[in-house]
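Q: Residue numbers (our numbering), protein chains in the order written: chain F, 10 to 342; chain C, 10 to 342.
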DNA sequence: GTCAGTTCCGACAACGTTGTCGTCAACGCT
DNA sequence: AGCGTTGACGACAACGTTGTCGGAACTGAC
């Protein structure tokens, strides 16, 4: 049998409302009764029922985090950050993944709303942001991560991927490389083109040629690695003069390193490899990957902070936050 | 403004209860009204409020998953499995991590109960299971993963780690190894001794000596690797005749491989290394790790299945499920 | 002693659902 | 015609909280 405010009220010989006041620290109460009620609460082990509270306040103290794929080593770090940040203000996190499936994404959003979450943080699926803009009209607050979406009600937190990609090129050029290839991901929607864009711009700034190869990758770590392997082989076969490769992400970079090794090119002496993301694995493989770090923890923490602020004060404007993407120099370039 | 049953009822010119019947498919309703109400529901885009429903049914259609540390590559796979399994029966998953902190674990459990989750799946913190047994008296259903706990109300899903460890030894012995060391984790509570137990038993069966080294490891991937590195150096220095090492987990095994390389021992020719868990990284590092696989997806899926069954039918007995831990042969041994 | 102002507290109505029970018509049976 | 049975629905009270409002008991000032 659950213990309710009624039980506490009876035992402490006060009204239900008084118990409510004590629980919520509403003040208008004498020191004596407050203490007495508190004692009964402790004694009975009373805990407020969030559903009942939520029914009247329209708040559940829970937020939703929607990611593409929890198996991608990128997202657990983000999730941890969101969880920790939410926890300090007593919020729970519901985790969902949409597997880059648009239908699934919409179903999840609907379902989170029905569940009564107070706000949602989402890494959108590949199908553009129009559905999210529509969604934000019937639900707020909403924070979108690593996508650019210009809509007053929607908060944005993202890494400066264009600049990050440019940094990789600058570094390689500084090391003397002139023939630089890129392995990109074909599945990319608009935002994923950011790497390509930064890459091209930086090359152009140095009047360098543009060589790239696209790969169609699935969503598992293994397929990204295999894809990177195949793409690197193709790229190096088509353009044997290439001395450096910039990769869409670290997993593909790991595959590219393998390809080089199998083609008897030493990394980094004969072919430098730069990855992207700086997942944990990047520092563990040999040669350790030189890569562009996205601060995943900060990404999640910032998104959560923004969501919680919007929750606190709904007159607040949703803002856009852009995090730096820094170059991490290790062994592969 | 939220759309409620009342709105639907007015518009369809029926009572609230009739709408409720349609929504829940309760049957006792004519085909005609049912269709009419359904049309209004679609037209208005009505979605039931789970909090209100939860308040009266005492169910929220959400379950809690409590893990030690979401950053450990082991747990996201489990989480995904739980999520997918829960989804088919319309359940959400709340994810929490207790960082192996007992206080935190209790706080999380309390908080999940207040949130109104229907059931909880937990990887316990290091402090034994008594608190969980106490907890299970005031809350059910509860499924514990990778711990053995004998209490009627608590379901258990775990991998057969003892046998897994024994398999590793059998394999090494079969390969001709006679001097086999083990790197274990000092932080281990009772259940974590399973590896040690299997290791010792298998050695004894072959009348082999027992050499081991303990390491005190933190909770990050990096510290496990570093710990494995240091432990392997120590072990090989103390017992230079060792030709094979069995490691507590894959991360430590990766560290051990490094140590061998730095000590000019080739892996596997001069020193074979066997890991445990089969995390994704195990197949990516070079040499790829021979390891004991815990089927993480199955672990999560089975735990979720059991929880959902207990949810469905509370007269059901909680059961104990033990999954095989198979040997995966790759390059390191 | 009256009066306004404060402090502390309780009654009561929400919030949006589901469960229980009752009603009322239609139906089949004798 | 009378009688139970069934099917289709509605009225109403829960569920456990919070918000609104009002009232009793004090306080201090004249």
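We put the CB at the ideal spot given by N, CA and C, even for glycine.
For residue 69 of chain F and chain C, any beta-carbon pair shorter than 8 Å?
A: By 1-based counting over the first chain, the position of residue 69 of chain F is 60. Closer than 8 Å to some Cβ of chain C, the Cβ of residue 69 of chain F qualifies, so yes.
Q: Using a Cβ-Cβ distance cut-off of 8 Å, determine whether residue 88 of chain F contacts chain C.
A: Taking the first residue of the first chain as 1, we reach residue 88 of chain F at position 79. Chain C contact via Cβ: present.
Q: With DSSP run on the structure shown, which of helix, strand or coil describes residue 281 of chain F?
A: Reading the first chain from its first residue, position 272 is the one you call residue 281 of chain F. It is a strand residue.
Q: For residue 80 of chain C, decide whether its Cβ has a neighbour in chain F, counting only Cβ atoms nearer than 8 Å.
A: Along the second chain, one-based indexing puts residue 80 of chain C at 71. True, the Cβ-Cβ gap to chain F drops below 8 Å.
Q: Which residue from C:13, C:19, C:282 puts its Cα closest to that of residue 59 of chain C?
A: The residue you call residue 59 of chain C lines up with position 50 of the second chain. Closest by alpha carbon: C:13.
Q: Give the secondary structure of residue 102 of chain F by DSSP, where H, G and I count as helix, E and B as strand, and everything else as coil.
A: Here residue 102 of chain F is taken as the residue at index 93 of the first chain, counted from 1. In the structure shown, residue 102 of chain F sits in a strand (DSSP, three-state: E or B).
Q: Does the segment 328–337 of chain C come within contact of the segment 159–173 of chain C, defined as at least 3 CB pairs closer than 8 Å?
A: The segment 328–337 of chain C vs the segment 159–173 of chain C: in contact.
Q: Specify the secondary structure class of residue 299 of chain F as computed by DSSP and reduced to three states.
A: In the first chain, residue 299 of chain F corresponds to position 290, counting from 1. Residue state, collapsed to three classes: strand.
Q: Helix, strand or coil: how does DSSP classify residue 49 of chain F here?
A: As a first step, residue 49 of chain F is located in the first chain; it is residue number 40 there, counting from the start. Three-state DSSP puts residue 49 of chain F in a helix.
Q: Would you mind stating whether residue 130 of chain C and residue 72 of chain C have Cβ atoms separated by less than 8 Å?
A: Here residue 130 of chain C corresponds to residue number 121 of the second chain, with the count starting at 1. Here residue 72 of chain C corresponds to residue number 63 of the second chain, with the count starting at 1. Yes, the Cβ-Cβ distance between residue 130 of chain C and residue 72 of chain C is below 8 Å.
Q: Using a Cβ cut-off of 9 Å, pull out every chain F residue sitting near residue 293 of chain C, in sequence order please.
A: The sequence position of residue 293 of chain C within the second chain is 284, counting from 1. 230, 231, 234, 260, 263, 290, 293, 294, listed in chain order.
Q: If contact means a Cβ-Cβ distance below 9 Å, which residues of the segment 102–113 of chain F contact chain C?
A: Flagged, chain order: 102, 103, 104, 105, 106.
Q: With residue 74 of chain C as the anchor, note down where its beta strand (DSSP E) starts and where it stops.
A: Walking along the second chain from the start, residue 74 of chain C turns up at place 65. Where residue 74 of chain C is concerned, the enclosing beta strand (DSSP E) stretches over 71–76.
Q: Would a C-beta distance cut-off of 8 Å place residue 53 of chain C and residue 20 of chain C closer than the cut-off?
A: Taking the second chain and counting its residues from 1, the one referred to as residue 53 of chain C is at position 44. Taking the second chain and counting its residues from 1, the one referred to as residue 20 of chain C is at position 11. Going by C-beta atoms, residue 53 of chain C is nearer than 8 Å to residue 20 of chain C.
Q: Any beta carbon from chain C within less than 8 Å of residue 216 of chain F's own beta carbon?
A: As a first step, residue 216 of chain F is located in the first chain; it is residue number 207 there, counting from the start. It does not: the Cβ of residue 216 of chain F has no partner Cβ on chain C nearer than 8 Å.
Q: Which one of C:128, C:97, C:287, C:115 has the shortest CA to CA distance from residue 139 of chain C?
A: Here residue 139 of chain C corresponds to residue number 130 of the second chain, with the count starting at 1. Residue C:115 is the option with its Cα nearest to residue 139 of chain C.
Q: In three-state DSSP terms, what is residue 191 of chain F?
A: Position 182 of the first chain, counted from the first residue, corresponds to residue 191 of chain F. Strand, per DSSP.
Q: Would residue 325 of chain C count as contacting chain F if we go by Cβ distances under 8 Å?
A: Walking along the second chain from the start, residue 325 of chain C turns up at place 316. False, the Cβ-Cβ gap to chain F never drops below 8 Å.
Q: Which partner residues does residue 286 of chain F have in the DSSP bridge list?
A: Numbered from 1 along the first chain, position 277 holds the residue referred to as residue 286 of chain F. Note: residue 286 of chain F sits in a beta bridge opposite F:302.
Q: Does residue 59 of chain F come within less than 8 Å of chain C when only Cβ atoms are used?
A: Working through the first chain from its first residue, we reach residue 59 of chain F at position 50. So, interface residue.
Q: Output the distance between the C-alpha atoms of residue 17 of chain C and residue 311 of chain C, rounded to the nearest integer angstrom.
A: Your numbering for residue 17 of chain C matches position 8 in the second chain. Your numbering for residue 311 of chain C matches position 302 in the second chain. Spanning the two alpha carbons is a distance of roughly 40 Å.
Q: Rounded to the nearest angstrom, what separates residue 22 of chain C and residue 31 of chain C at their Cα positions?
A: As a first step, residue 22 of chain C is located in the second chain; it is residue number 13 there, counting from the start. As a first step, residue 31 of chain C is located in the second chain; it is residue number 22 there, counting from the start. Distance between the alpha carbons of residue 22 of chain C and residue 31 of chain C is about 14 Å.
Q: Would you kindly work out how many angstroms separate the C-alpha atoms of residue 137 of chain C and residue 157 of chain C, rounded to a whole number?
A: Taking the second chain and counting its residues from 1, the one referred to as residue 137 of chain C is at position 128. Taking the second chain and counting its residues from 1, the one referred to as residue 157 of chain C is at position 148. Straight-line Cα distance between these residues: approximately 10 Å.
Q: Contact criterion: CB-CB distance below 8 Å. Does residue 124 of chain C meet it with respect to chain F?
A: Walking along the second chain from the start, residue 124 of chain C turns up at place 115. Answer yes: the Cβ-Cβ gap between residue 124 of chain C and chain F drops below 8 Å somewhere.
Q: From residue 269 of chain C to residue 238 of chain C, what distance separates their C-alpha atoms?
A: Walking along the second chain from the start, residue 269 of chain C turns up at place 260. Walking along the second chain from the start, residue 238 of chain C turns up at place 229. Cα to Cα, residue 269 of chain C sits roughly 8 Å from residue 238 of chain C.
Q: Based on the DSSP output, what are the partners of residue 167 of chain C in its beta bridges?
A: By 1-based counting over the second chain, the position of residue 167 of chain C is 158. Answer is C:331, bridged to residue 167 of chain C.
Q: Is DSSP giving residue 135 of chain F helix, strand or coil here?
A: Sequence index remark: in the first chain, residue 135 of chain F carries index 126 (1-based). Residue 135 of chain F: coil per DSSP, three-state reduction.
Q: Can you say whether residue 228 of chain C is buried or exposed, counting buried as having 16 or more other CB atoms within 10 angstroms of its CB?
A: One-based indexing of the second chain puts residue 228 of chain C at position 219. Since pLDDT at residue 228 of chain C reaches only 48, below the 50 mark, its modelled position is unreliable, and no value is offered.
Q: By how many angstroms is the C-alpha of residue 105 of chain F removed from the C-alpha of residue 101 of chain C?
A: Position 92 of the second chain holds residue 101 of chain C. Position 96 of the first chain holds residue 105 of chain F. Taking the straight line joining both Cα atoms gives about 8 Å.
Q: Is residue 9 of chain F buried or exposed, if buried means 16 or more other CB atoms sit within 10 Å of its CB?
A: The question about residue 9 of chain F has no answer here: the residues shown for chain F are numbered 10 through 342.
Q: Drop a sphere of 10 angstroms on the beta-carbon of residue 192 of chain C, count the other beta-carbons inside from all chains shown, and report buried for 16 or more, exposed for fewer.
A: Start at 1 with the first residue of the second chain, and residue 192 of chain C comes out as number 183. It counts as buried.
Q: Is residue 226 of chain F close to chain C? Criterion is C-beta to C-beta, closer than 8 Å.
A: The residue labelled residue 226 of chain F in the question sits at position 217 within the first chain. Low confidence applies to residue 226 of chain F: its pLDDT is 49, below 50, so where it sits in the model is not reliable, and the reading given next is rough at best. Not an interface residue.
Q: Over what stretch of residues does the beta strand (DSSP E) that includes residue 152 of chain C continue unbroken?
A: Locating residue 152 of chain C in the second chain gives position 143, where the first residue counts as 1. Unbroken beta strand (DSSP E) run through residue 152 of chain C: 151–154.
Q: What first and last residue would you give for the beta strand (DSSP E) that runs through residue 253 of chain F?
A: The residue given as residue 253 of chain F occupies position 244 in the first chain. It spans 253–256 - the beta strand (DSSP E) in which residue 253 of chain F sits, taken as one unbroken run.
Q: So which residues on chain C does residue 63 of chain F lean against when the C-beta distance must stay under 8 Å?
A: Numbered from 1 along the first chain, position 54 holds the residue referred to as residue 63 of chain F. Correct list: 60.
Q: Verify the CB distance criterion: does residue 56 of chain F have a CB-CB separation below 8 Å to chain C?
A: Reading the first chain from its first residue, position 47 is the one you call residue 56 of chain F. With 8 Å as the cut-off, residue 56 of chain F counts as an interface residue toward chain C.
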